[in-house]
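For reference, the structure discussed in these notes is given below.
Residue numbers (the UniProt record's numbering), protein chains in the order written: chain A, 1 to 355; chain B, 1 to 355.
Put into structure tokens, the structure is as follows:
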């Protein structure tokens with residue numbers, strides 16, 4: 001039975017978390033350990049749903065913040081268990097930045113802040129790294145949104161210990177061209193669907209991205225073919241070609257507006273939506289967000305990638321990404337985190353919640 | 001032990017051939033039956049190499065013609081054994097047109113023409129429907145070209161009982177574009193290889209085919225994408241895209257010239273040759289070819305598809321396609337042949353070889 005020591009320092013705790021393997025859908029052991037460790041603290045109300053744990057202070061304070069992180073990781077890739085390089089101060093291994101360092105900060109704060117200046121809801125959830133249907137935060141948002149209620153939320157995904165606000169939405173469509181098969185020795189009897197896709201790719205190549213500025217942050221959209229496939233046999237004129245296009249859209253566009261743009265962009269072609277997730281407005285004008293940014297300091301950047309902050313936006317809760325580690329190393333064999341960033345994040349949040 | 005009766009009519013013989021299953025690489029039983037049946041005739045010198053049979057008259061005549069057909073078929077597709085529809089005069093089933101009707105004509109002529117006006121070499125070979133390395137005619141051409149020596153060759157592939165002269169060559173290349181991966185949320189950090197393929201497809205769409213006239217026959221080239229593939233993951237900018245292009249080229253171009261054309265057509269792109277087979281000149285100016293065409297009558301058409309006639313061209317022997325059946329139904333579940341075309345071909349060849 002794995003155990004976690006929430007009285008140790010945040011770096012040691014990060015390693016304890018990393019050394020309990022919790023690849024998506026295998027979070028049970030880690031969720032058990034988290035639940036047991038938090039249940040020891042009388043100042044927390046601990047609830048569990050599946051492998052997601054919600055621990056709250058209930059001090060009746062006028063403001064409540066949510067601090068959240070996911071417990072799961074992508075599959076092991078020769079990078080388990082953790083390895084600390086004392087010389088460089090870098091902690092290596094699966095989950096280092098995505099996101100057991102963030103989880104460790106959450107658990108340290110939960111255990112040690114008996115009387116924060118705002119009520120806090122700590123959320124540690126499962127299955128973020130796989131299909132959205134499994135996502136523990138998504139399930140809570142759908143079934144018990146009251147458990148996630150708050151004035152402001154911080155998702156501790158890696159952001160180089162800086163604040164990243166909002167997030168871009170993402171959708172995927174299939175743009176399909178059709179033709180007519182024939183033997184390639186008599187190609188003029190058919191219609192080549194792959195050739196028709198040339199115009200689809202030409203439009204993509206000529207695409208100029210929008211870069212809207214929202215709450216002072218410049219976003220940067222993207223419209224890209226991520227897959228192309230077509231062909232029947234080496235001697236057959238192909239009758240179908242599919243270009244899969246991923247649109248990353250800024251937070252001033254809803255999913256519906258984003259789809260309408262893509263449909264109009266590919267006017268004249270068959271466009272099928274296969275996947276869509278909303279953007280999240282940065283919400284930096286909200287008082288809770290302003291106070292947080294003042295407290296942690298530093299430059300605020302836009303979040304280009306999609307994260308679970310969008311789930312809070314859907315609930316009407318402004319949310320930012322703020323956590324230790326460089327997201328560029330997430331999902332990589334050489335995943336790692338600077339231990340100085342872990343302590344920086346812990347201290348900044350502790351100061352903000354105790355000031 | 002399967003037997004063939006070469007004294008029966010050509011339609012019944014076609015059915016006997018069709019009812020001995022001989023999917024490529026499974027020609028042993030049929031080859032045995034063919035060899036036994038031909039060996040009964042003293043006017044033939046019969047030689048066997050693997051599952052290919054060569055039967056020759058040896059009358060010392062000044063001219064020798066080669067009449068050839070393959071014994072194998074594509075796989076069974078719910079169309080075995082043969083089924084004769086008496087009402088319509090259509091023979092249905094695997095191998096009906098491709099090419100047991102042609103084989104039956106060859107065997108009837110071989111058995112019955114004791115004293116043809118030209119020496120004749122009858123060739124029945126294996127493994128035409130699969131990778132060229134197995135091709136029985138190709139093996140004979142490479143190892144014992146003397147066995148195939150002649151002034152003119154007729155390949156009895158289906159041609160609607162009309163003469164089709166020459167054949168177009170075929171080659172395939174991969175046109176590759178490369179880029180640089182990045183997360184699609186930060187697409188501007190990468191280079192999209194699929195977008196680059198748009199120009200490749202645009203050139204293909206703008207391609208105007210050559211239609212050279214050779215020996216009075218108009219050929220019709222074709223340059224077509226037959227496959228396209230690219231993509232790494234739904235959220236990754238792809239770093240490679242491959243367009244597979246099939247070029248069908250007229251008999252006035254060699255394989256080298258054809259490749260040079262394709263390389264110049266895709267100037268600026270990485271072009272890799274994956275497959276190539278030569279064209280065959282119609283050779284209608286040769287006396288043997290002229291005499292044959294006069295004898296069988298009808299319009300001579302160009303052969304757009306590639307056939308084994310090209311193997312004779314490589315040996316310096318002019319060759320044409322002439323056989324019963326519509327090639328459009330080859331390799332189809334509803335493969336069939338009009339029995340009138342089988343007898344037409346038999347009579348035309350018999351007249352020409354006995355006039």
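Ideal Cβ placement from N, Cα and C applies to all residues, glycine included. From a predicted model like this one, the values you see are computed outputs, not experimental measurements.
Three-way DSSP call (helix, strand, coil) for residue i in this model
i, result
"residue 146 of chain B", "helix"
"residue 107 of chain B", "helix"
"residue 11 of chain A", "helix"
"residue 218 of chain A", "strand"
"residue 114 of chain B", "coil"
"residue 68 of chain B", "strand"
"residue 102 of chain A", "helix"
"residue 56 of chain B", "strand"
"residue 35 of chain A", "helix"
Minimum Cβ-Cβ distance from residue i to chain A less than 8 angstroms
i, result
"residue 306 of chain B", "yes"
"residue 261 of chain B", "no"
"residue 352 of chain B", "no"
"residue 172 of chain B", "yes"
"residue 378 of chain B", "Residue 378 of chain B lies beyond the residue range present for chain B, which begins at 1 and ends at 355; the question has no answer from this structure."
"residue 226 of chain B", "yes"
"residue 279 of chain B", "no"
"residue 187 of chain B", "yes"
"residue 276 of chain B", "no"
"residue 201 of chain B", "yes"
"residue 234 of chain B", "yes"
"residue 149 of chain B", "no"
"residue 204 of chain B", "yes"
"residue 198 of chain B", "yes"
"residue 301 of chain B", "no"
"residue 220 of chain B", "yes"
"residue 73 of chain B", "no"
8 angstroms Cβ cutoff, residue i in contact with chain B
i, result
"residue 241 of chain A", "yes"
"residue 184 of chain A", "yes"
"residue 273 of chain A", "no"
"residue 237 of chain A", "yes"
"residue 194 of chain A", "yes"
"residue 248 of chain A", "yes"
"residue 177 of chain A", "no"
"residue 162 of chain A", "no"
"residue 270 of chain A", "no"
"residue 289 of chain A", "no"
"residue 231 of chain A", "yes"
Per-residue burial, residue i [other beta carbons within 10 Å of its own, 16 or more giving buried]
i, result
"residue 253 of chain A", "buried"
"residue 89 of chain B", "exposed"
"residue 213 of chain B", "exposed"
"residue 299 of chain B", "exposed"
"residue 143 of chain A", "exposed"
"residue 94 of chain A", "buried"
"residue 62 of chain B", "exposed"
"residue 146 of chain B", "exposed"
"residue 188 of chain A", "exposed"
"residue 156 of chain B", "buried"
"residue 75 of chain B", "exposed"
"residue 340 of chain B", "exposed"
Cβ pair residue i, residue j closer than 8 angstroms
i, j, result
"residue 184 of chain A", "residue 243 of chain B", "no"
"residue 269 of chain A", "residue 171 of chain A", "no"
"residue 265 of chain B", "residue 258 of chain B", "no"
"residue 167 of chain B", "residue 307 of chain B", "yes"
"residue 255 of chain B", "residue 276 of chain B", "yes"
"residue 117 of chain B", "residue 127 of chain B", "no"
"residue 320 of chain B", "residue 165 of chain B", "yes"
"residue 55 of chain B", "residue 122 of chain B", "yes"
"residue 163 of chain A", "residue 293 of chain A", "yes"
"residue 15 of chain B", "residue 71 of chain B", "no"
"residue 193 of chain A", "residue 239 of chain A", "yes"
"residue 132 of chain B", "residue 41 of chain B", "no"
"residue 20 of chain A", "residue 35 of chain A", "no"
"residue 251 of chain A", "residue 273 of chain A", "no"
"residue 161 of chain A", "residue 344 of chain A", "yes"
Cβ-heavy atom distance, residue i to the ligand COA, below 7 angstroms
i, result
"residue 19 of chain B", "The ligand COA is not part of the structure shown, which contains no ligands of any sort."
Within the segment 128 to 175 of chain A, ranges of the alpha helix (DSSP H) (whole runs, at least 4 residues): Listed in chain order, the alpha helix (DSSP H) runs fully inside the segment 128 to 175 of chain A are 136 to 143, counting runs of at least 4 residues.
Length-filtered (3 minimum) beta strand (DSSP E) runs lying within the segment 185 to 263 of chain B: 222 to 231, 240 to 249
In chain order, which continuous runs of the alpha helix (DSSP H) of length 4 or greater are located wholly inside the UniProt domain "BRCT" (261 to 355) of chain A? 287 to 296, 309 to 314, 339 to 354
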